[in-house]
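A short write-up of the structure that comes next.
Residue numbers (my numbering), protein chains in the order written: chain A, 921 to 1230; chain H, 30 to 575.
Here's what the structure looks like:
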């Protein structure tokens, strides 16, 4: 197991390095510059700015400087918001996105699995259809439409919850709902189909025959196996939800890090593009690693350390 | 079995609810700006204005925060030698009075005895010398540095050819600041209202070079203090008791939300969480018809640039034909529907010549919508160039709904009025900006917002090789007129030169003006006295909320 983990860690570092390198050169190959403005600044000022941010150096030198900053975990100052460093921006935005993301994930996972189990147990019954109708709606309605609907109805028309901003727990409810519907629906559908499959298996019949209680059968035997596909999607889902979503954060004026992904690219704010990409990749790689570990725990048939030999 | 399942589901439900509330309680720290609780108790004693800044300010470092999202904050947190009055004219601010030398080049400012920094320090001439040299220092990398080029020695210093010592700004004594210009500039007093020219507390900056990055360390000299700044979330201003004119300031606090989405902003306005809101594009017509929208001028143009280096726009008659085929009135009435003034010249409304007449009204309409003449000019131009058929024309704009609508309207007008099929293309803004500067488009969208309140700021853009020219147009007489106007001390003669220059611009027609910008907004009726200057900044010094 330890050897496996070490091997995975090395592979993760190599992956990260590849991502950094690719992103760096792709980013610089896109036309445009962080200093493009509708009101053009004159050439000398522009040159001064380029010098200040080392943008006048050959690309390979910039790449070297950049690798150095990644190794020291200091992504430097943002070009567009020069009084802030990328580290500060991530350090400020990520906890907010994470807070919203983790609540969203809890809501989505619990309600999704619940809906999925209900649907599977009441296969082709009213409850199944109801649950799956909710799921289909959840998948088909984009979260920004959901967000706008929720704000207009709950906040403006009924006036029971605040419209936007990130001040008190009350402010979390609408964005969580808007953000959770999609993942909830995906999880519900996955749970349902894999539960249906698992429930027809022999070992479930054996368990029933042994006279085990239904709760034990569903949770200990059926759900555990049924969760494997859910865990698979959960890895990448968690990485993207935890690092913030541009649209939801924009609509609800949430000071998370979602907007940096999009804004930095539009503005060609190179240090921020790199910072967000590296950060997101690291989290994603980490999540995928956790998913693999979780496989082993959920399904004893998957033995991680065996991979060494093969 | 059924019993168990329902029991289990109930448990799950309880767990979901518990998980939510538990998590939410942990985040329940008392925040000083929690509006729901705050307003009820404090409404009686405190006047708090709720505004939206749209985006996180770029920087509150005066020479760096050179954009509207920084100015709204900066202009109310700090103050230069002069400040724009309620009539948008520069008036005495940190400087109590000033003397101008006979040649109009040397200004001696007398700083108020009671001009103080928010930490109690006195505002000195040295603070201005420090700040202005810092603005011009190439190492500061200020995008606003060019505004200071009218100071002697400034351009050389900023371009690396000269030194800081040669910049002609000096502290005669603690409260006397002297600056020498390269030429008499009538608009000098107005330029220095720009935040780029705000003083910086040298002592504070020496101790903490990043003093402007957080509210705790921010030291200003304006009507308000920066009390709180939670980045990307909100910032809070409080009345500054150290301000020399604190008696005029009526608001106790100004809370700036940072909400980037106009629909959300409008919904927050509807629920009373904001006092002022922009107008969501989809609701604009409805809100205008309900008479709720307020409109103010903004000194800037929405226009199109011809590229004189690409066919067929090397020909002046073809350019004129395209310009005359455009119906500006129709565009503002039926396309933008935002009550903008149609533009038939380049200099915006709101600048008075020495006789007290508005520049735009005096200069009149320099381009007009005239379909017959447009057709005749097109035919003439094509003949001059020997075209059987007009080379294909592509009109390019940066990707945006508004730009698209206007581009499509233009396409239709060129088709109906000239019989010319124009192709449309759009691209991401940053690439667009780069290609436009490189003169790669035939006809492309542009906009201009004035940096300081003088017609020359509009006209200087089209000098040969100016970074805002981007048309390939060049005219020696025009260049000379702009240069002379910048050196002219006599206002009447200066305005004559500028009138003449604008006329030349439109005789040659390197651009098609579409409309002047305006500021449209919804505002809580209880709020009064917010001044929106056509050039630049939002002013809260005189604002009040009942």
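No residue lacks a Cβ here, since even glycine has one placed at the ideal position from N, Cα and C.
Closest option to residue 226 of chain H, judged by alpha-carbon separation, among H/206, H/213, H/294 and H/419: H/206. In the DSSP assignment, the residues bridged to residue 549 of chain H are H/324. From the beta-carbon of residue 460 of chain H, the residues of chain A found nearer than 7 Å are 951 and 952. The beta carbon of residue 476 of chain H sits closer than 8 Å to those of 329, 330, 331, 332 and 546, all from its chain and outside the five residues before and after it, given in chain order.
Listed by position along chain A, the residues whose Cβ is nearer than 8 Å to that of residue 254 of chain H form an empty set, because the closest Cβ is around 18 Å away. Taking a contact as a CB-CB distance under 8 Å, the pair residue 266 of chain H and residue 105 of chain H counts as one, their CB atoms being some 6 Å apart.
Secondary-structure assignment with DSSP links residue 1062 of chain A through no beta bridge to anything. Under the Cβ criterion (8 Å, minimum of three pairs), the segment 197-206 of chain H does not count as touching the segment 251-263 of chain H. Sequence-ordered contacts of the segment 990-1004 of chain A with chain H read 1000, 1001, 1002, 1003 and 1004 [C-beta pairs closer than 9 Å].
Look at residue 1049 of chain A: its C-beta is not under 8 Å from any C-beta on chain H. Residue pairing from DSSP leaves residue 1012 of chain A without any beta-bridge partner.
Taking a Cβ-Cβ cut-off of 7 Å, the neighbours of residue 88 of chain H in chain A comprise 1001, 1002 and 1003, given in sequence order. Within chain H, the residues placing a beta-carbon under 7 Å from that of residue 963 of chain A are 496, ordered along the chain. The beta carbon of residue 260 of chain H sits closer than 8 Å to some beta carbon of chain A. Sequence-ordered contacts of the segment 527-545 of chain H with chain A are nonexistent [C-beta pairs closer than 7 Å]. By the CB criterion at 8 Å, residue 1168 of chain A and residue 1095 of chain A fall inside the cutoff.
For residue 1012 of chain A, the neighbours in chain H by C-beta distance under 8 Å run, in chain order, 260 and 261.
In the three-state scheme derived from DSSP, where H, G and I count as helix and E and B as strand, residue 81 of chain H is classed as strand. Cβ-Cβ distances below 6 Å link residue 426 of chain H to 432, 436, 455 and 474 in the same chain, with the five nearest sequence neighbours on each side left out; the list follows chain order.
For the options H/510, H/467 and H/121, the alpha carbon positioned closest to that of residue 952 of chain A is the one of H/467. Boundaries of the beta strand (DSSP E) around residue 202 of chain H: 198-202. Neighbours of residue 289 of chain H in chain A, taken as residues whose beta carbon is under 8 Å from its own, are 1170, 1173 and 1179 in chain order.
Bounds of the alpha helix (DSSP H) holding residue 987 of chain A are 979-991. By the Cβ-count criterion, residue 158 of chain H is buried, with 16 or more other Cβ atoms from all chains shown falling within 10 Å of its own Cβ. When CB distances to chain A are screened at a threshold of 8 Å, the residues of the segment 280-307 of chain H falling below it are 286, 287, 288, 289, 290, 292, 293, 296, 297, 299, 300 and 302, in chain order. Interface flag for residue 972 of chain A against chain H is set, since a Cβ pair is found closer than 8 Å. Using a CB distance below 7 Å, the part of the segment 228-249 of chain H facing chain A consists of 239, 241 and 242, ordered along the chain. Across the structure, residue 938 of chain A and residue 575 of chain H are spaced so that their CA atoms are roughly 60 Å apart.
Cα atoms of residue 84 of chain H and residue 261 of chain H: separation of roughly 7 Å, rounded to the nearest angstrom. Exclusion of the five residues before and after residue 452 of chain H leaves 423 as the residues of its chain whose Cβ lies within less than 6 Å of its Cβ.
Rounded to whole angstroms, the Cβ separation of residue 281 of chain H and residue 76 of chain H is 5 Å, and the two are in contact under 8 Å. At least one beta carbon of chain H lies nearer than 8 Å to the beta carbon of residue 1083 of chain A. It is roughly 9 Å from the alpha-carbon of residue 126 of chain H to the alpha-carbon of residue 110 of chain H.
Against chain H, a Cβ distance below 7 Å from residue 1144 of chain A picks out nothing, because the smallest value is about 15 Å.
For the segment 84-109 of chain H, the set of residues with a beta-carbon nearer than 8 Å to any beta-carbon of chain A comprises 85, 87, 88, 89, 90 and 93, in chain order. According to the DSSP assignment, residue 472 of chain H belongs to the beta strand (DSSP E) that extends over 472-478.
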